[in-house]
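The structure appears below as structure tokens.
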Amino acid sequence: MAEQSGDRVENRVGTNFGPLVQAGTVLGGVNFYDTSRPPLAQRALLPEPSLPARFPPSALLRSEYKIVPFHGRGDELDDLVAWCGTDEPIGIRLCTGPGGQGKTRLALEMIALLVGRGWTAGRLRTGCDESTLGELCALPADTLLVVDYAESQPEQVGTLLEVAAARPAGAGRLRLLLLARSAAEWWPQLQAAVVDDGIAALMDEAEHALSPLFGDPADRSRLFTQALLAFADHGGWPRVELVPPDDLAQQRFASALALHMAALAALLDHQDAVEPTRAYRDPAARVLHHEQRYWKMTAQALALPHTQPRTLRTVITIASCCGATSRDEAVELMDRVPDLGGEHERVRGQYADWAHELHPGERWLNSVTPDLLCERLVADVLVEQPELAVAVGRAAVTTEQQFTLCTLLGRAAEQHASVRNALGTIVASGADRLWLVAAALTSYLARPDLMQAALIESVDGVTDRNILWYVAEQMPHTHRSCELKIAIAEQALRQFHDGVDRDVVAEAGLHLALADALTSANRFDEALEHYRGAIRLFQKIVPDQPERCADHYLRALCNYATQLDNNGRHDEALKVCDRVLAEAERYGSGDDGYLRASVWWCRSQARHNRKQPAKAAKAMERAVAECRAAVASDERAKAHLPLMIMNLANRYSDLGWHDEALKTMEESVSIYRERESAHPDPLNPSFGQVLFNYSACLYDCGRPQEGRAALVEAARRLARVTEHHTPRLPLLWSVLEVWGRRLAHSDFADETVRAEYEELATLHARTDWPVDGRRGRTAFAIMLDYWVKLGQWGDRAKAEKWRRKTFEIFPVQSRLLWRAAQVAALRSSVSTRDRAGE
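Residue numbers (our numbering): 107 to 944.
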């Protein structure tokens with residue numbers, strides 16, 4: 107038996123993981139506050155720790171320990187160092203790439219180089235306050251600040267940019283390096299929010315996407331062996347050269363982390379003499395297997411009361427999902443682990459200490475790292491214990507824990523079905539504030555639609571009506587979030603209507619928010635009803651509260667007029683337009699240029715729908731003129747100006763003024779391209795609509811090549827938009843139909859035409875779109891046309907492939923076509939026999 111001293115076991119327990127595990131000091135006590143640094147750096151920057159004396163297998167994969175020699179990013183490192191060496195006072199870079207591509211390691215190498223040259227350089231801690239950020243940006247020494255996971259810290263990044271813009275004269279050079287998995291949603295939003303023109307200009311050119319680190323398959327066997335030997339040296343194992351897996355040429359091993367996990371898994375399997383199993387080709391699963399064995403051994407060494415693998419996985423999963431900033435908070439978190447609920451505080455403290463020592467980091471209790479390994483762990487545990495979803499949601503009680511949980515889940519859901527399936531349950535099981543945090547984060551995720559689906563699923567469980575009202579008011583009603591906003595506003599309206607204390611102002615605003623969202627979802631009949639509801643309530647309160655309610659009331663009236671027109675009630679729409687202008691004068695908004703522009707826009711549409719093209723064009727000219735005048739002082743006018751110009755071009759086309767229409771449409775396209783350059787937004791459907799109309803103008807003016815190019819760009823943009831927003835599918839299908847007609851009259855001998863046919867046929871070759879109706883007929887005709895032309899061209903193999911695919915997706919149309927062909931052949935045969943008889 108081991109000798110004991112209090113709760114501390116003094117023996118040393120051997121493991122197969124190289125270093126010995128000493129109970130009570132599972133790790134070597136990593137200090138994440140480097141006292142050798144000045145106080146400001148200690149407070150604001152993460153240290154660069156060395157590998158501790160004792161560690162789990164996953165530690166060998168952590169970028170901050172620099173286990174594997176730096177490789178493959180020499181050019182990028184030279185470029186970043188040269189960027190720091192310029193005389194510019196401020197510089198901003200955004201390096202993007204999927205998880206495991208070496209972003210953090212690249213930053214660490216850069217930090218080490220610059221520290222050696224006298225810079226203040228390091229990774230910024232999360233949660234730094236504005237004062238600390240201001241001190242850093244004002245340092246007289248040259249300074250590099252690295253923000254890892256920038257996409258999950260938009261508020262801190264925004265504050266950092268603000269204080270950087272306001273730093274005093276005499277400060278040293280400042281470089282901001284932001285690391286993120288992608289710039290998809292959060293970066294354009296951040297750019298749009300930046301006030302300082304200088305910072306905005308720097309952000310325009312900031313994004314640099316990192317290429318796959320191990321893109322050349324020929325290098326991977328050598329790099330595999332290099333990593334394996336590095337792991338053996340640092341883990342205390344004998345050096346062995348194992349045969350690399352035969353699947354390293356697969357694209358997944360272009361990722362540094364994937365290749366390194368394969369090497370570590372092979373080494374650990376060899377050390378433990380593990381026989382290859384079905385998981386042999388799943389390095390993440392194999393690393394986690396060894397990681398969990400280490401957890402069990404350390405837990406047993408600490409004499410923890412429950413060391414079953416399931417319990418330990420649960421503890422680490424909840425610790426990874428939530429984290430804790432202090433030991434007390436971690437002990438409380440352990441009480442929310444199902445297998446530990448009700449245990450004595452001393453026991454919960456033992457588990458908290460165990461988890462704390464396993465994975466050191468910035469907080470007291472940290473996630474398993476690297477991130478992709480943590481996400482895989484959570485996904486696997488949710489497969490094994492789907493009931494744990496409820497406990498995970500309830501475990502996150504502090505705001506920081508809720509942000510940690512939602513960020514991790516949002517990333518993991520992209521790759522793991524078990525996480526996607528559990529999202530709704532997790533969000534619904536937590537407090538209302540967890541739901542609020544998820545709603546706040548959703549637009550910053552690479553796949554916001556996944557979290558939005560969970561929020562919609564769980565919205566009925568939110569009991570705080572003020573949270574629902576706040577989110578409904580603040581959330582934009584764009585195509586990306588309209589379905590979520592509809593669900594929130596509907597639930598909020600029910601709670602306000604059924605509540606003891608009615609709040610008419612809130613209810614009126616919710617009717618307006620719901621109507622706007624329904625409009626974005628193309629649900630015009632329902633939108634009309636809620637605009638009426640908003641107007642009815644606003645009319646009761648606006649005379650007594652004009653400053654608070656008049657703008658909302660006038661917007662509701664104006665949008666109501668537009669929806670009347672969309673529903674075929676054109677004369678009523680024109681009357682409401684007159685009413686809007688009269689009410690605007692009454693409530694002191696007669697000089698609101700954007701409101702007047704919107705009214706004239708609605709009048710133009712109504713005139714167009716009443717077949718009055720000249721009056722429609724004249725009204726649209728007035729709308730554009732009013733909008734131009736308002737652009738300088740009104741962001742709404744600035745946002746809608748190119749759409750109004752597009753509509754003016756459409757009205758000129760109605761009159762047959764094709765040259766004037768093209769000139770006008772080119773201005774709209776030019777504005778959108780300028781905005782795309784400054785604030786890329788590939789998920790904006792408006793530009794796709796503009797390009798579709800631009801294509802028609804080009805064809806009208808006899809410029810078919812340019813017209814088809816615009817059509818192709820419109821199709822590609824709308825295809826991306828509709829991946830997660832189905833209300834825009836009819837617009838995409840219209841674009842694809844026109845594209846097919848244009849291609850049918852193009853020269854199939856042209857290589858570009860054949861490539862476009864392939865792209866168009868591939869877009870249509872899907873079973874989740876309707877296979878009947880207009881879309882079905884169009885898709886069948888395009889795919890049929892393609893394989894027939896392929897056969898005529900002489901590519902019979904590809905023609906047969908597309909023929910089979912067409913017949914599989916459209917069996918009804920194919921049978922009809924086959925019967926028609928048989929009838930035609932029979933008629934031809936009869937005709938031939940008749941002529942022979944004659």
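For every residue, glycine included, the Cβ atom is placed at its ideal position computed from N, Cα and C. Quick caveat: nothing in here was measured; it's all calculated off a predicted structure.
Three or more beta-carbon pairs separated by less than 8 Å link the stretch 544–561 to the stretch 513–528, which places the two stretches in contact. Of the residues Gly197, Asp248 and Ala336, the one whose Cα lies closest to the Cα of Glu311 is Gly197. Of the candidates Tyr863, Ala306 and Lys172, the residue whose Cα lies closest to the Cα of Phe337 is Lys172. The beta carbons of Ala703 and Gln669 sit no closer together than 7 Å. With respect to Ala436, Trp401 sits apart: the two C-beta atoms are not nearer than 7 Å. Annotation: Trp707 to Ser774 spans about 16 Å, alpha carbon to alpha carbon. Sequence-distant Cβ neighbours of Ile777 in its own chain, meaning closer than 8 Å and more than five residues away, are Leu747, Pro748 and Ile751. For the set Ala729, His764, Gly699 and Ala364, the Cα lying nearest the Cα of Ala736 is the one of Gly699. Judged by their CB atoms, Leu280 and Thr249 are nearer to each other than the 7 Å cut-off. Looking at the DSSP output, Cys201 shares a beta bridge with Leu285 and His314. The distance from the Cβ of Thr226 to that of Ala324 is about 41 Å, inconsistent with a contact at the 8 Å cut-off. Along the stretch 219–250, the alpha helix (DSSP H) occurs as fully enclosed runs of 4 or more residues at 236–243, listed in sequence order. In the structure shown, Ile647 adopts helical secondary structure according to DSSP, grouped into three states. For Gln580, the closest alpha carbon among the candidates Ala593, Met367, Ala619 and Glu613 is that of Ala619.
With distances taken between CA atoms, Trp839 lies nearest to Ala821 out of Cys807, Tyr805, Ala821 and Gly696. Assignment of Leu146 by DSSP, reduced to helix, strand and coil, places it in the helix class.
Nearest Cα to His462 within the set Leu200, Arg433, Lys681 and Asp566: Arg433. Take Arg358, set aside five residues on each side of it, and the residues of its chain with a beta-carbon closer than 7 Å to its own are Ala364, in chain order. In the structure shown, Leu529 falls within a helical segment according to DSSP collapsed to helix, strand and coil. Taking every protein chain shown into account, the CB of Gly530 has 16 or more other CB atoms within 10 angstroms, so this residue is buried. For Ile196, the secondary structure class from DSSP, reduced to helix, strand or coil, is strand.
Straight-line spacing of the CA atoms in Val610 and Val686 works out to 22 Å. The beta carbon of His522 is closer than 7 Å to those of Glu481 and Ala485 in its chain, skipping five residues each way along the sequence. Distances from the CA of Arg713 to each of Asp388, Asp760 and Val533 were compared; the closest alpha carbon is that of Asp760.
In the three-state scheme derived from DSSP, where H, G and I count as helix and E and B as strand, Leu471 is classed as strand. Where His676 is concerned, the enclosing alpha helix (DSSP H) starts and stops at His676 to Arg692. Cβ-Cβ separation between Glu291 and Leu551: approximately 7 Å, consistent with a contact (criterion under 8 Å).
By the Cβ-count criterion, Asp765 is exposed, with fewer than 16 other Cβ atoms from all chains shown falling within 10 Å of its own Cβ. A direct Cα-Cα distance of roughly 29 Å separates Gly321 from Val525.
Inter-segment contact for the stretch 408–421 and the stretch 439–453 is present: three or more beta-carbon pairs are separated by less than 8 Å. Cys234 places its beta carbon 7 Å or farther from that of Val269.
Here the alpha carbons of Pro260 and Leu574 stand approximately 22 Å from one another.
Counting C-beta atoms within 10 angstroms of its own C-beta, Asn572 has fewer than 16 neighbours from the protein chains shown and is therefore classed as exposed. The C-alpha of His676 lies about 7 Å from the C-alpha of Arg716. Apart from the 5 residues on each side of it in sequence, Gly206 sits with its Cβ closer than 7 Å to the Cβ of Ser361, Ala362, Leu363, Ala364, Pro476 and Leu478 in its chain, given in chain order. A direct Cα-Cα distance of roughly 7 Å separates His617 from Tyr637.
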